[in-house]
Each structure stands twice: as C-alpha cells, then as structure tokens.
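Number of protein chains: 2
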Amino acid sequence: MKNCRHIFFAFAVALIVSAGTAIAGNNGYRGTGDLGLVIERATGGIQVFETTQRTGLFKLSGLGDLSHASAVFSRDGRYAFIFGRDGGLSKIDMLTGRIVKRVLQAGNSIGGAISQDGTLVAVSNYKPGGVRVFDSETLDLVADIPATFGKDGERSKVVGLVDAPGQRFVFSLYNADQIWIADMSNPKAPKITKFKDIGKLPYDGLITGDGRHYIAGLFGEDGMAMIDMWHLDTGVTRIMDGYGRGEKKLPVYKMPHLEGWAKAGDLIFLPAVGRHEVLVVDPRTWKEVGRIPVHGQPIFAVARPDGRQVWVNFAHPLNDTVQVIDVPSLKIIREFKPGKAVLHLEFTPRGEQVWISVRDADRVDVYDTRTFERLSTLPADKPSGIFLTARANKIGL
Amino acid sequence: MKNCRHIFFAFAVALIVSAGTAIAGNNGYRGTGDLGLVIERATGGIQVFETTQRTGLFKLSGLGDLSHASAVFSRDGRYAFIFGRDGGLSKIDMLTGRIVKRVLQAGNSIGGAISQDGTLVAVSNYKPGGVRVFDSETLDLVADIPATFGKDGERSKVVGLVDAPGQRFVFSLYNADQIWIADMSNPKAPKITKFKDIGKLPYDGLITGDGRHYIAGLFGEDGMAMIDMWHLDTGVTRIMDGYGRGEKKLPVYKMPHLEGWAKAGDLIFLPAVGRHEVLVVDPRTWKEVGRIPVHGQPIFAVARPDGRQVWVNFAHPLNDTVQVIDVPSLKIIREFKPGKAVLHLEFTPRGEQVWISVRDADRVDVYDTRTFERLSTLPADKPSGIFLTARANKIGL
Numbered sequence: 019m020k021n022c023r024h025i026f027f028a029f030a031v032a033l034i035v036s037a038g039t040a041i042a043g044n045n046g047y048r049g050t051g052d053l054g055l056v057i058e059r060a061t062g063g064i065q066v067f068e069t070t071q072r073t074g075l076f077k078l079s080g081l082g083d084l085s086h087a088s089a090v091f092s093r094d095g096r097y098a099f100i101f102g103r104d105g106g107l108s109k110i111d112m113l114t115g116r117i118v119k120r121v122l123q124a125g126n127s128i129g130g131a132i133s134q135d136g137t138l139v140a141v142s143n144y145k146p147g148g149v150r151v152f153d154s155e156t157l158d159l160v161a162d163i164p165a166t167f168g169k170d171g172e173r174s175k176v177v178g179l180v181d182a183p184g185q186r187f188v189f190s191l192y193n194a195d196q197i198w199i200a201d202m203s204n205p206k207a208p209k210i211t212k213f214k215d216i217g218k219l220p221y222d223g224l225i226t227g228d229g230r231h232y233i234a235g236l237f238g239e240d241g242m243a244m245i246d247m248w249h250l251d252t253g254v255t256r257i258m259d260g261y262g263r264g265e266k267k268l269p270v271y272k273m274p275h276l277e278g279w280a281k282a283g284d285l286i287f288l289p290a291v292g293r294h295e296v297l298v299v300d301p302r303t304w305k306e307v308g309r310i311p312v313h314g315q316p317i318f319a320v321a322r323p324d325g326r327q328v329w330v331n332f333a334h335p336l337n338d339t340v341q342v343i344d345v346p347s348l349k350i351i352r353e354f355k356p357g358k359a360v361l362h363l364e365f366t367p368r369g370e371q372v373w374i375s376v377r378d379a380d381r382v383d384v385y386d387t388r389t390f391e392r393l394s395t396l397p398a399d400k401p402s403g404i405f406l407t408a409r410a411n412k413i414g415l
Numbered sequence: 019m020k021n022c023r024h025i026f027f028a029f030a031v032a033l034i035v036s037a038g039t040a041i042a043g044n045n046g047y048r049g050t051g052d053l054g055l056v057i058e059r060a061t062g063g064i065q066v067f068e069t070t071q072r073t074g075l076f077k078l079s080g081l082g083d084l085s086h087a088s089a090v091f092s093r094d095g096r097y098a099f100i101f102g103r104d105g106g107l108s109k110i111d112m113l114t115g116r117i118v119k120r121v122l123q124a125g126n127s128i129g130g131a132i133s134q135d136g137t138l139v140a141v142s143n144y145k146p147g148g149v150r151v152f153d154s155e156t157l158d159l160v161a162d163i164p165a166t167f168g169k170d171g172e173r174s175k176v177v178g179l180v181d182a183p184g185q186r187f188v189f190s191l192y193n194a195d196q197i198w199i200a201d202m203s204n205p206k207a208p209k210i211t212k213f214k215d216i217g218k219l220p221y222d223g224l225i226t227g228d229g230r231h232y233i234a235g236l237f238g239e240d241g242m243a244m245i246d247m248w249h250l251d252t253g254v255t256r257i258m259d260g261y262g263r264g265e266k267k268l269p270v271y272k273m274p275h276l277e278g279w280a281k282a283g284d285l286i287f288l289p290a291v292g293r294h295e296v297l298v299v300d301p302r303t304w305k306e307v308g309r310i311p312v313h314g315q316p317i318f319a320v321a322r323p324d325g326r327q328v329w330v331n332f333a334h335p336l337n338d339t340v341q342v343i344d345v346p347s348l349k350i351i352r353e354f355k356p357g358k359a360v361l362h363l364e365f366t367p368r369g370e371q372v373w374i375s376v377r378d379a380d381r382v383d384v385y386d387t388r389t390f391e392r393l394s395t396l397p398a399d400k401p402s403g404i405f406l407t408a409r410a411n412k413i414g415l
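Residue numbers (this note's numbering), protein chains in the order written: chain A, 19 to 415; chain B, 19 to 415.
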C-alpha cells in the first residue's frame, strides 16, 4: 500500500510539472472558457485540452475506474468534478493540473450533477443506492439521500441524476419505479418530493435544456415517464408509448444515452432503442412525427448548438461511423468513418467544431461542422466521454 | 497630445497595480466563467466583477465615450472587447486588468459582434457608415465593408450587427432600407449577400438564440423585417404588422432594444413601442397571441435562462421599476423599485441570479431569482450595460 502511494505521488508530481509547463506559456494566466477534458479510460485518467488552438494541455491519472465516467464543472470554469464508476469523486484544477481532492464516496456509482448555484455536487450511487451531496469547495459530505423504498427499507440503484432550476436535483430509482426531486435550498435538510409507479425500471433520465421537462427511459416496458417541472401537481405523464425495446425484444447492443437527445429547431431527435432509426418527436405533443433510417443502432444524437444539424454515432459492431442529419430536410447529408469505436461527440458551444472520440484508434478528432473538414487530431489513450467547460453554463448537463 | 498620453499612461499603470492586487489573492490563477463587467459611463470605464462571491475585482478607465456601449468576449472568456460610441474598440484582459489594445476605428459607432470561431471582431459604424472587421488577437483591420448604396455611393449608418453560424455577420443599413449578410469564411474577401427594400429605416436588429431568424425593427413604418437564415432564398418576410410606432404616433421616450427580446417557453416576449405593454408572439407563426399590461414603456424584456420568468425594465420617467412576468400564467408576479434609472438586466447563465444596474443610485443590485431577495449590491459609477463572459458561448450576443 505504501509503495503504491509512493508511486502514485511520484507520478502525480511528474504530471504537475508537465501541467505547469503547459500553463507557463501563458504567464500563469489563462481563460477557462475554451477548456475541455476527455476521459482516458484505460489509464483511469483524463486529458485536458483547449479548443482555440486545439492542443492537449496535460494528462492526469489516478482517478480510479473511469468506465462510464462523466464530468461537471464549477461555475467559474476552473474545476472539473469527475464521477468514476467505482464511487470516486475527483476535483481537478484545470489551470494548475492538480487533483485538488478525491473521495471514494460509494462502492459503485453512475454520474453526477452540480447545483444551479454551483455550491453542491451530487452523485448518484448504485451501491449503496442513493444520492450523496457534497460541498463543491471542500468535497465534504453535505447530505445523504438513501433511495429507500418498500417495507423492508431496501435501497434502489439511482440513475438519471440531473440538476434543475431552483437549486434542485432530479433522479430516478431503478429498482423502485420512482422519480424523486430533491430541493436543496437548505442543503443540510433536502426536501424530497417522490413520484411513485412511474413505470418499470427507469434506466436513465434527462432534463430538457430549459430545465422544464424531466424524462426517464424505461427498461421494463415501452414508453417513457415525463414530469413537467413547472406543473408538479399534474404528476407523471406517460409519453412515447412504443418507445423502448419493443414487443419483439430486439437485441439491444447498448441502451442509448438519454443525454443524447437533441432539441433542434422545433423538434426533438432521439435514438431508437434497438432499431436503425432516429425518431423525430414534436415536444409540444410528445408524439412521434417521423423516423430517419440510419447506419446502425444510434447511441448519441447530438444537435449542433444552432439546431441545424444532428450528429449521430452508433452501437457496436457498427460503431466506426458518424452520420449527420440536416434538420430542415430530415435527410442524412454526410457520413464519416472516423475509426473503430466512436464513443462520444461534443460540440463547442457556438457549434463551429465538434470533438469526436475514436477509442480504438486512440484519437480525438476535431471537425469543422460547416465544411466537414477534419481540423486536427489529438492523440488520446482509449478516449471516451468529452466534456467542455461550457457545460458549466448549461442547465441539466 | 503628449501630455494627455502621459497622463493616460500614468493612470493606466495605477490601474494595473490595483488589478494585480485583486488577482494576487488567487495566486495568479482564476477561472473566467463567472466574470462580468459593467459599463460605468460617466468615467468612460468599466468595472469587472465575479458572480460567485459577487465582488468587484477592478476598475479600468480611459475607454472613451461609453454611452450606449456594449461588449463581447473572446472564446476563452479572458478578453472583453468594448465598443464605444466614439468609434473606440478596446480589448481588455479580464485577468490582469490591462487594456491590451485600443483603436479608434471610426468616428461614431454602435455595437459590435464576435465571429462564431472567435477570430474576428466586427464593429458597426454610423460614420463612416459600414462595418469594419478586426483580428481579435491583434485588433488589426482585416476587412472594411462600406455600406454604400444608391447611384452616388452614399454610405448608410449600420445598425443591428450580430454574428450568425457559419462565420457570418448580419446587419441592417438604416438609410438604405437593406439587410446585409457578410460571410467571413475568407476573412480578407467577405462575400456579401444584400437584401433590398426590406422596409423603411431599420433601426436595430436581433438574431434568435439558435442563429436562425434575423429580425430588424423599422422606425419608418409599422412591422418588422425577418430573414430565415436556413432559407435565404425565400428573402425577407414582413412580420408583426402593426408593431412599431403605430398610427397615432405615440410619444416614444426610448426605442426598445431588440436585443431585449425574450424567448421563453414556446413564446417570444417583446417590448411594445410607446405602449405600456409587453407583446407575446408565437414564433411558429410570428403572430401576436397576447399582450400583458405593464408599468411603463418597456425597454428590455429579458427571459430568465430557464424561460420560466421574464423580467422587464422601463423608459423614463417610469424607469425606477422592474416587473417580473410568470410565463405559464402570463401574469406579473413581482414588482420592485430598485431606484431611479434601471438601465439593464443580465442573468447568470443558469439563471439563479440577475444583475440590475441602477444608474442614478450608483449601484448594481443582485437578486436571487427564486426568492426575489436582494443578495448583494455593488457600488458602481453610473452603471449601464452589464455583460457576463458567459455570452462568449452564445450565438448572436
């Protein structure tokens, strides 16, 4: 154990030095608006980069099991909070390249969120099932919200955790068929509102960009559960009946990410489950208004920030491809083969670039979204999720 | 002249010292995501502040005539570009507190924009009428676009300049009744698309948050001119007939800012001209669907980023008041009297705070948008426009 620590510290110091070098070129000063990070799963680390010159700035390791890891950012854009699969929560200083603090807050977790005012970081845990809320400054535990249900006080896995306006967090209880809203106005005494029998086995959730509609996908049945945060008294509405695994129980290689929903123009685009289709939905009625045939089972359907295009990646074994949907015509106008295992896509906030992780090629590619030209390539170690600091300014991300 | 320079430099040095002190507390490192600035018109300067602890960081003077001044930000959030009324364009380092560069690029100007990729800063000029485009790094002139029209090569005042996706700028020619789109893909050779006879005397313009619809207000007639940037071939559409000064030619104390349009929920809220009303418009049809009686002639109607509320300020002599419209009910749910001459409102990007400049009270007030509680007050010298770095991530701001 001591030896391991020793190695870890030595490694960390080496990294800090390289980080310091990267930043020295700016005399210590640097804006944080064009920073981002990519998860390098194989090494349990991240690489921090910037999108103006499109260069890597530093790498940082020792963040534990980063399979399915995600990140949120402090409101000043300086700090990243990385949620690892092993329950690790790490606070990274994007300017100095240091791990500010790291806590192992649970045994098994899946994603997190930062409160509207930036003071609280919440993590959704499988084991022990529930949500833990931390002070974003110190990573001290502020509130523990066990996802207990039923007579025996069983605890549910928690999924689909997002922030919502009014200093709230919203999340779904996989085993309990519930959605909970935690009002954190008084952080030490969360006020929980529970919605029960929302549908079987909610496996993920999302909130629309305006923070108004929370939607949970259901693994146990076809359809989705929706809560209008402006009108909590109307309870849960069932939408998109027929959306799900379907009656034929198609083989699903990977459940699509609900975060991969795209609002573009007046429409919502979402990956069909198990089908080679992107569904088009009118958010005024939540009815399906069209289907676009695509290359494979879609994983993410991400809107370019101006809503003119939707970029789609796919599940194994067709995951070497990206397709671009033109929103006004609902047609595919471009197809790329960046390489094997395209895992994630992230647009710069005004949409001129898209960053694409190509895991098996150990590359992150950057494309110009107007010309479709590849602008640069960043070498990366089995890259997966890409997260830009611009997310700090967004509701629900 | 030499003396003036001398004084100016001495003053600048003093400011740098004070700025340096403010930043030293952070060991030189600071995120830029929570920074903002307020125009202090009386002193021809700005005050830079942060929205996490809500403190002023430094002041900077010597920026010329800042009546009706505005600002845009570099994509990394570090630099502000201030557009003065006197044609001055100043680049400010928000971290070191220095004026990086300042050029007097025209005799009389009104606002500017930064290109989608952040490399170009454009300024709209009254005299000489046209748009000048500068390298955002050096402030070197890259392109000069004179707004010439008619047989004699007359030049028009340019208004309503905004950025649009695809590295474009859009602007209106007040004297020529035209809207121009400049494609800056090749910065040294802008490609101009001209729309003529769009309506009489366009006095201001805006582009929707997705960069799709450019709309010019008309001083010379009732109604507005709209261009769908996704379908340029359809030309200019006349919308909102009857929107304008009206047949009775009501006394208009101040033309409302078109930038003050609010998209909230599925609706657009805009200040009526000369009437004590906020108009509600359905952006799918561009038809008016309602009117909300308000305290005075509205100037800005600004949506809280989640679209749940619209905050409104008013023209002289009723400009001591702010009203809050609840979007689902279309009712006014709150009224404040912050003080005389409430000139501007700016929300933090996730909407938990709103910053309000109260010119005659020499204060910027910060309100919690959920509790309506006043959180803090920042002393400021005749404050007007407030601009947060989060604008760097937005299309058309």
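Where is the CB? At the ideal position from N, CA and C, for every residue including glycine.
Tell me whether residue i sits in a helix, a strand or coil according to DSSP, three-state version.
i                     : result
residue 207 (chain B) : coil
residue 398 (chain A) : coil
residue 409 (chain B) : helix
residue 277 (chain B) : helix
residue 252 (chain A) : helix
residue 78 (chain B)  : strand
residue 202 (chain B) : coil
residue 159 (chain A) : strand
residue 247 (chain A) : coil
residue 43 (chain A)  : Residue placement at residue 43 (chain A) cannot be trusted, given a pLDDT of 43 that sits under 50; what the coordinates show is reported in the next sentence. DSSP places residue 43 (chain A) in coil when its eight states are reduced to three.
residue 190 (chain B) : strand
residue 415 (chain B) : coil
residue 146 (chain A) : coil
residue 389 (chain A) : coil
residue 212 (chain B) : strand
residue 296 (chain A) : strand
residue 51 (chain B)  : coil
residue 185 (chain B) : coil
Would residue i and residue j be called neighbours here (beta carbons separated by less than 8 Å)?
i                     : j                     : result
residue 108 (chain A) : residue 75 (chain A)  : no
residue 320 (chain A) : residue 338 (chain A) : no
residue 226 (chain B) : residue 322 (chain B) : no
residue 220 (chain A) : residue 241 (chain A) : no
residue 407 (chain A) : residue 53 (chain A)  : yes
residue 217 (chain A) : residue 182 (chain A) : no
residue 285 (chain A) : residue 298 (chain A) : yes
residue 197 (chain A) : residue 203 (chain A) : no
residue 2 (chain A)   : residue 332 (chain A) : The question about residue 2 (chain A) has no answer, for chain A in this structure spans 19 to 415.
residue 125 (chain B) : residue 142 (chain B) : no
residue 136 (chain B) : residue 92 (chain B)  : yes
residue 372 (chain A) : residue 329 (chain A) : yes
residue 149 (chain B) : residue 187 (chain B) : yes
residue 276 (chain B) : residue 228 (chain B) : no
Compare the Cα-Cα distances from residue i to each of the options and report the closest residue.
i                     : options                       : result
residue 346 (chain B) : B:120, B:189 and B:327        : B:327
residue 238 (chain B) : B:188, B:291 and B:152        : B:291
residue 399 (chain A) : A:376, A:415 and A:392        : A:376
residue 349 (chain A) : A:59, A:336, A:373 and A:312  : A:312
residue 18 (chain B)  : B:403, B:118, B:357 and B:353 : Absent from the model: residue 18 (chain B). The displayed extent of chain B is 19 to 415, so no value can be given.
residue 47 (chain A)  : B:115, B:63, B:64 and B:88    : B:115
residue 65 (chain A)  : A:105, A:158, A:51 and A:111  : A:111
Mind checking who residue i pairs with in its DSSP beta bridge?
i                     : result
residue 56 (chain A)  : A:65 and A:404
residue 153 (chain B) : B:138
residue 301 (chain B) : In the DSSP output, where bridge partners are listed per residue, residue 301 (chain B) has none listed.
residue 242 (chain A) : A:235 and A:257
residue 173 (chain B) : B:166
residue 282 (chain B) : B:285
Write down every uninterrupted run of the alpha helix (DSSP H) in the region 304-383 of chain A whose length is 4 residues or greater and which is fully enclosed by it, in chain order.
-> Here no run is fully enclosed.
Could you pull out every unbroken beta strand (DSSP E) segment of at least 3 residues lying fully inside the region 80-138 of chain B, listed in chain order?
-> Qualifying beta strand (DSSP E) stretches, in chain order: 88-91, 97-101, 106-111, 117-122 and 126-132.
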